[in-house]
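Colleague:
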Amino acid sequence: MKTETIQGRLLFLKEAENLKNVMRSSHTSKGRNESTAEHTWRLALLALVFEDELKELDFSRVLKMCLVHDLGETLSGDVPAIEKQNYPNKDVQERNDLLQITQSLDEPLRSSLLGLWEEYEAGQTQEAIAVKALDKLETILQHNQGINPDDFNYEFNLTYGEKYTDKHPLFKSIRQLLDAETMQNLNNR
1 MKTETIQGRL LFLKEAENLK NVMRSSHTSK GRNESTAEHT WRLALLALVF EDELKELDFS
61 RVLKMCLVHD LGETLSGDVP AIEKQNYPNK DVQERNDLLQ ITQSLDEPLR SSLLGLWEEY
121 EAGQTQEAIA VKALDKLETI LQHNQGINPD DFNYEFNLTY GEKYTDKHPL FKSIRQLLDA
181 ETMQNLNNR
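Have a look at this one:
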């Protein structure tokens with residue numbers, strides 16, 4: 001590999017490091033806001049833990065999609081799921097940010113990462129639907145596990161991402177357990 005290719009990839013990794021600094025509205029079990037990088041890591045781990053039940057999927061593609069699904073938040077940050085309706089152009093901003101942070105990458109790597117992100121955004125393939133479902137489930141899991149402010153909207157969890165989590169028996173089963181946890185959190189207020 002050429003030195004300039006390595007340098008371009010290292011520059012990209014340095015820019016992607018900012019996901020460690022992009023804070024989400026979710027809280028950890030210690031009460032601090034989680035970063036997008038932490039969410040991405042646990043999303044990939046969630047997929048790995050249930051890989052044996054997702055044999056019909058191209059699992060390499062699933063993991064890659066998990067890793068790139070929020071890369072577009074590197075520059076402009078995260079929009080809390082509960083507020084996404086207020087940001088109709090969020091996907092355009094994320095795509096533009098992704099194009100910017102991948103500038104230093106060689107082709108076809110740059111196109112590959114962008115293609116994975118676009119596949120996720122479109123949500124049409126089995127892999128994209130699975131990653132979207134797992135993404136929503138990981139968020140709900142974190143909402144239930146985190147030490148949240150007193151005014152935290154647990155009701156949001158009960159419908160969040162249903163159009164994806166209803167598409168596979170595994171996701172429905174996970175969802176059922178997480179919904180029970182959400183109800184427990186609601187009742188313990």
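Everything in the sequence shown is counted per our numbering, starting at 1 for the first residue and increasing by one.
C-beta atoms are modelled at their ideal positions from N, C-alpha and C, and glycine is treated no differently.
Rounded to a whole number of angstroms, what is the C-alpha to C-alpha distance between Leu-105 and Ala-16?
Modeller: Going by the C-alpha atoms only, they are around 12 Å apart.
Colleague: Verify whether the separation of the beta carbon atoms of Glu-107 and Val-62 is less than 9 Å.
Modeller: No, Cβ-Cβ distance for Glu-107 and Val-62 is not below 9 Å.
Colleague: Residue ranges of each alpha helix (DSSP H) run of no fewer than 4 residues wholly in the segment 54-129, ordered along the chain?
Modeller: Fully enclosed alpha helix (DSSP H) runs of 4 or longer: 59-68, 73-76, 90-101 and 109-122.
Colleague: At the level of alpha carbons, what is the spacing between Ile-174 and Glu-38?
Modeller: The alpha-carbon atoms of Ile-174 and Glu-38 are separated by roughly 20 Å.
Colleague: Is Ser-76 near the ligand FMN, with its Cβ less than 8 Å from a heavy atom?
Modeller: Of the ligands one can find in the structure shown there are none, so the ligand FMN has no counterpart to examine.
Colleague: Figure out for me which residue from Asp-91, Phe-59 and Ala-130 has the closest Cα to the Cα of Leu-114.
Modeller: Minimum Cα distance to Leu-114 is reached at Asp-91.
Colleague: Since Asn-33 sits in a beta bridge, which residues does DSSP pair it with?
Modeller: Answer is His-27, bridged to Asn-33.
Colleague: Look at the alpha carbon of Leu-141 and the alpha carbon of Thr-3, and state the distance between them as a whole number of angstroms.
Modeller: Rounded to whole angstroms, Leu-141 to Thr-3 spans 42 Å at the Cα level.
Colleague: Going by C-alpha to C-alpha distance, which of Glu-119, Pro-80, Pro-169 and Asn-86 sits closest to Arg-269?
Modeller: What is shown of the chain runs 1 to 189, which leaves residue 269 out entirely.
Colleague: From Gly-161 to Tyr-154, what does the alpha carbon distance come to, in whole angstroms?
Modeller: Each residue's alpha carbon lies about 14 Å from the other.
Colleague: Please work out which residues of its chain come closer than 8 Å, Cβ to Cβ, to Asp-78, disregarding the five sequence neighbours upstream and downstream, and give them in chain order.
Modeller: Cβ within range, chain order: Val-22, Met-23, Arg-24, Ser-25, Thr-36 and Asp-70.
Colleague: Determine the extent of the alpha helix (DSSP H) in which Thr-5 is found, giving its start and end residues.
Modeller: Here the alpha helix (DSSP H) through Thr-5 covers 3-16.
Colleague: Following the continuous alpha helix (DSSP H) through Pro-169, name the residue where it begins and the one where it ends.
Modeller: Here the alpha helix (DSSP H) through Pro-169 covers 169-187.
Colleague: Pop quiz: Thr-139 and Phe-12 are said to be a contact at Cβ under 8 Å. What is the actual Cβ separation, rounded to whole angstroms?
Modeller: With 8 Å as the limit, Thr-139 and Phe-12 do not qualify as a contact, their Cβ atoms being about 26 Å apart.
Colleague: Apart from the five residues on each side of it in sequence, which residues of its chain come closer than 7 Å, Cβ to Cβ, to Leu-98?
Modeller: So the qualifying residues of the chain are Leu-71, Gly-72, Leu-114 and Trp-117.
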